[in-house]
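Read through the structure below, which is laid out as C-alpha cells, and then see the notes.
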Amino acid sequence: MTKISNRVIVFCLMLLCLICPASAYTTQYYWSNGYVGYTIDSSVPTAYKSCVDAAANAWTNAGADFDYYSSVNSNNKVRYYSFGSQVNYLGSCTRYVYSGTTRLSKMYIDLNSDYSSSWSTSTPCPSGKYDVLSVFTHEFGHGVGLGHSTITSATMFKDTNSGTVYKRSLEQDDKNGIIAIYGT
Ligand SMILES: [Zn+2]
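Heads up: the sequence shown runs through residues 0 to 183, numbered per numbering that gives the first Met the number 0.
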C-alpha cells in the first residue's frame, strides 16, 4: 500500500510541473511562413532603429523555427507616432489575419511618440524613463503571434516598468511561447 501511495503522489507532482509553465504564455496568431520581414518607417528616430533590429533579433534567436528580417519594402511596418487619447500605451502591435482564421497577413508595430521626453536607450535605464528596446521586444513578441504571459518577469507580461531593461532579453516562458507556435 505504501508503494502505491508513493507512486500516486509522484505522478501528481509531475503533472503539476508540466501544467504550470505551459499556462503562462498565450498564443493567439501565427504566420504560415516563419520568415517575416519588417520595414522601419521614416517616422522612427534614427537613434531607435538599432533597437528595432535588436528586438526582432531577440525573437529570431529564441530557438524556434522563426526568423524576422529587415526589409526595404515589407507590408509590415514599424512606426513612431502619437497615440492620442490612448495615453497609457507605450507601444502597440496591430495584427491583421486572413478572414475566419488566426493566420497573420500583416502587422504594424508602433511606439508612442507622446512619450518622447520619457524614452531612453541607455543602459541602465534612468529612473522614470522607459526603455525603447524593452517595448519593441515586447511588441515584436505580439508580432510572432503571442498574447500576454501571466509571469511578471517575462517579456510578454502586459506591463513595462520605468527604469528597467529586463524585457530586452527573453525569459524561458517567452521562448516556450514562440516554440509552441513554430516548433524548433
Ligand atoms: Zn502587450
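In this text, a Cβ means the ideal position worked out from N, Cα and C, and glycines have one as well.
None of the values given here were measured: they were computed from a predicted structure.
No Cβ-Cβ contact shorter than 7 Å links Leu110 with Arg167. Put simply, the backbone Cα of Ala57 is about 30 Å away from that of Gly99. Given a length threshold of 4 residues, each whole run of the alpha helix (DSSP H) inside the region 43 to 70 is given here in chain order: 45 to 59.
Between Thr26 and Ile180, the C-beta spacing is below 7 Å.
Going by C-alpha positions, Gly62 is about 16 Å away from Tyr68. The secondary-structure analysis by DSSP pairs Thr93 across a beta bridge with Tyr107.
In chain order, the residues with a C-beta atom nearer than 6 Å to some heavy atom of ligand 1 are His137, His141, His147 and Lys157. If you draw a straight line from the Cα of Tyr114 to the Cα of Leu89, it is about 7 Å long. Per DSSP, the unbroken alpha helix (DSSP H) holding Tyr181 starts and ends at Gln171 to Tyr181.
Boundaries for Thr154: no beta strand (DSSP E) harbours it, and the DSSP string shows neither H nor E there. Between Tyr24 and Gly182, the C-beta spacing is not below 7 Å. In the structure shown, the three-state DSSP call for Val77 is strand.
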